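All remarks here apply to the structure that follows.
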Amino acid sequence: MATRFIFITGGVVSSLGKGLASAALGALLQARGYSVRVRKLDPYLNVDPGTMSPFEHGEVYVTDDGAETDLDLGHYERFTGVAATQSDNVTTGRIYSDVLGRERRGDYLGGTVQVIPHVTDAIKKFVTADLHGEDFVICEIGGTVGDIESLPFLEAIRQLGNELGSERAMFVHLTLVPYLSASGELKTKPTQHSVMELQRVGIRPHVLLCRCDRPIPDGERNKIALFCNIRPEAVVPGLDIDTIYQVPIEYHEQGFDTQVLNHFKIDPGAQPNLDTWREIVGRIREPDGEVNIAVVGKYTDLPDAYKSLSEALAHGGISNHARVNLDWIASEIFDTEDTVEHLNGVHGILVPGGFGERGAEGKIRAVQFAREHKVPYFGICFGMQMAVIEAARNLAGLSGAGSTEFGPCGDPVVGLMTEWQRGEETEQRAAGDNMGGTMRLGAYPAALGDRTHIAEIYGLSEIAERHRHRYEVNINYRDVLEKAGMTFSGTSPDGLLPETIELEDHPWFIGVQFHPELKSKPFEPHPLFKSFVAAALDQSRLV
Ligand code: GLN
3 MATRFIFITG GVVSSLGKGL ASAALGALLQ ARGYSVRVRK LDPYLNVDPG TMSPFEHGEV
63 YVTDDGAETD LDLGHYERFT GVAATQSDNV TTGRIYSDVL GRERRGDYLG GTVQVIPHVT
123 DAIKKFVTAD LHGEDFVICE IGGTVGDIES LPFLEAIRQL GNELGSERAM FVHLTLVPYL
183 SASGELKTKP TQHSVMELQR VGIRPHVLLC RCDRPIPDGE RNKIALFCNI RPEAVVPGLD
243 IDTIYQVPIE YHEQGFDTQV LNHFKIDPGA QPNLDTWREI VGRIREPDGE VNIAVVGKYT
303 DLPDAYKSLS EALAHGGISN HARVNLDWIA SEIFDTEDTV EHLNGVHGIL VPGGFGERGA
363 EGKIRAVQFA REHKVPYFGI CFGMQMAVIE AARNLAGLSG AGSTEFGPCG DPVVGLMTEW
423 QRGEETEQRA AGDNMGGTMR LGAYPAALGD RTHIAEIYGL SEIAERHRHR YEVNINYRDV
483 LEKAGMTFSG TSPDGLLPET IELEDHPWFI GVQFHPELKS KPFEPHPLFK SFVAAALDQS
543 RLV
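In C-alpha cells:
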C-alpha cells in the first residue's frame, strides 16, 4: 500500500510525551503487521542538538549513520526496533542552513527566497524523502502549537495534508485535560483552545489524544468532541501509567489503532499481537529480585540527560527478572566526601559518558572503589577513559596520567586523535575545529580479542557500536597497562583505537569507548546490560 503519513502535534503544554506517543503508536501499528518509520521535526535554530548541553535538551541520541539527534529518536528505536537515520530528524536550523546554502550557490536563479514556498518545500521534501515502502510514517512535530517557531513546520504539514489527501494523511493532536482539585473537575477548555489554535493555521485534527491523570468520563469526552468538531470515539484518553512499555497496550485498549485504521479506511482485520509488550510489562511489574546500581555522573539531577542509559539498565533488569534501582550520584561529591560513604553496599557502579574536567576526579575515585572492592563496574565512553586513567595511576604507577581534554598532562593516556579510518576512508579533525559534528560519530566496528570477557558476553568476535567522542585512549600505553592487569580486549579493526578494556582480577569490570545503551531495546536487551545486571545480582547475594 502507498505510504500513509500520521502527523503528531502537541498543544497546551510541553512535555506531554509526544515522542513516546509517536513511538508507542509505531509499535502498535507494527503489532498489527504494518511497517513503520518514525520521524521528528524540531523547531529550534540549532542545526542539530549536538552542541546543546544535556541540561538544555537532555541526551543527544546518535544514529548508526552518525547523526546527533533528539532524544525522542531513542524512544522510536526502543519501541519499534527500526534503526533511525540522518533522514529521521531535522531542525529549523538545518532546513534554513540548506535553503541559505542553495541561495548562495544561486540555485534559486535570482528569485526571492521565502518561507513559503522555499522553506516549506524543503520541509516537505525532508518528510517524504528516503522512504522504502513503509506502510506508515509517523511524523512528530516538536514544540507546542502556538509557538512562533513551529509555524513553518505546521504550514508544511498542512500543505502535505492537502496534497496527499485524507486517504494518505492524518493529524493527531496531543493535549492535556487537567484536573482542578479546587473544583473537583476535569477541564476541557485548554484542549478546546489548543485545537482552535491548530485550526487557525488550517489543520483540523482527526484524533485528539488527551493526556489525563484519571479516566475521562463520557460527559467530558462528548464535550471535547462537540467543541473540537470531531467524533467522540476520536477523543482518545492517554492516561498516566506506571511503565512506558504499557503504552502500546493502553492505546489499543482505548481504540487509538482502530481510529487510525478507520481514518485510512483500512479494514482492521485481526487483533494486534501485543504478547511481547505484555511479557515486558509483566516482568517490570513483578520482578523476582532487585539490585541497586550507582550511576556516577554529572547531569544526575536531570533524568533526560541519561535517557537511553536508564532504559538500557531497565532492559538489563527485564532480561534478569529483576528491578534495577538507580542511585544517581553527582561525582563532584567525591571531591569532599569519601566514596565508601556513598558506594558501600551498591551492587554495581556505572560511570556514563561525559564531557569536561568538572567532576572527573570524583569519577576516577568511583572507579577505584569499584576496582578495589570488586564491585561490578561498567564504564561507558568517558567512564572507560576514567577507568584507564585510574589504572594508569594506581596500577601502573603513572602518577601524572590524565586526559588532554583537561589540558596538558605528564602521561596523556587519553588524548585527541586527529585522524582515523572509517572503512576505506580517512576521517580527520583538529583541535580548533568547529564543535558541531566533529566527533567520532556513529557506528564503527571493533574486533574483540579471543578469550576476553567481552567477547564471551557478546558471543561475537566483531561488533559495531555507536560512538560520540573526541578523545581516545592512547594505544601507546597498551603494554604498560596490560602488564599492570588491564586488558585491551577490543580495538578498531586496524588495532589503533582501543574500543574496550577489562580487568582480569575482577568479577565484572568493563569499559567501552562506545555507547551500547543506544541500541538496547526492551524486547532485545543489550548483552552488556544484561550481563552487568546479572553480575550486580550476583553481587547482591554477596553483600
Ligand atoms: N569527553 C570524552 C570525549 O570527548 C568522552 C565523551 C563521551 O563520554 N561521550 O572523548
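Quick note: to get the numbering used here, add 2 to the position in the sequence shown (first position is 1).
C-beta atoms are modelled at their ideal positions from N, C-alpha and C, and glycine is treated no differently.
No experiment lies behind these values; they were computed from the predicted model shown.
Around the beta-carbon of residue 155, 16 or more other beta-carbon atoms lie within 10 Å, marking it buried. Looking from the CA of residue 427, the closest CA among 204, 446, 120 belongs to 446.
At least one heavy atom of the ligand GLN falls within 7 angstroms of the beta-carbon of residue 383.
With a cutoff of 8 angstroms on beta-carbon distance, residue 6 and residue 137 are scored as near each other. As the crow flies, the alpha-carbon of residue 349 is around 10 angstroms from that of residue 327.
By the beta-carbon neighbour count (other beta carbons within 10 angstroms, threshold 16), residue 466 is exposed. Not one heavy atom of the ligand GLN sits closer than 7 angstroms to the Cβ of residue 247.
For residue 265, same chain residues with a beta-carbon under 6 angstroms away, outside a window of 5 residues either side, are 172, 208 in chain order.
With respect to residue 418, residue 480 sits apart: the two C-beta atoms are not nearer than 8 angstroms.
By the neighbour-count criterion, in which a residue is buried when 16 or more other Cβ atoms sit within 10 angstroms of its Cβ, residue 57 is exposed. Taking non-hydrogen atoms of the ligand GLN into account, the C-beta of residue 409 is found less than 7 angstroms away from none of them.
With the rule of 3 Cβ pairs closer than 8 angstroms, the stretch 277-291 does not count as touching the stretch 479-499.
When C-alpha distances from residue 397 are compared across 442, 505, 470, the shortest belongs to 505. With a cut-off of 7 angstroms, the C-beta of residue 261 is classified as distant from the ligand GLN, since no heavy atom of the ligand falls inside that distance.
Taking non-hydrogen atoms of the ligand GLN into account, the C-beta of residue 380 is found less than 7 angstroms away from none of them. For residue 521, the secondary structure class from DSSP, reduced to helix, strand or coil, is helix. Excluding residues up to 5 positions away in sequence, 101, 105 lie with their Cβ nearer than 7 angstroms to the Cβ of residue 115 in the same chain. Straight across, the Cα-Cα distance linking residue 198 with residue 385 is about 49 angstroms. When C-alpha distances from residue 180 are compared across 226, 320, 357, 69, the shortest belongs to 226.
Where residue 157 is concerned, the enclosing alpha helix (DSSP H) starts and stops at 153-166. Rounded to whole angstroms, residue 373 and residue 379 show a C-alpha spacing of 7 angstroms. The C-beta distance from residue 253 to residue 259 rounds to 7 angstroms, short enough to fall under 8 angstroms.
For the set 90, 361, 94, 347, the Cα lying nearest the Cα of residue 132 is the one of 90.
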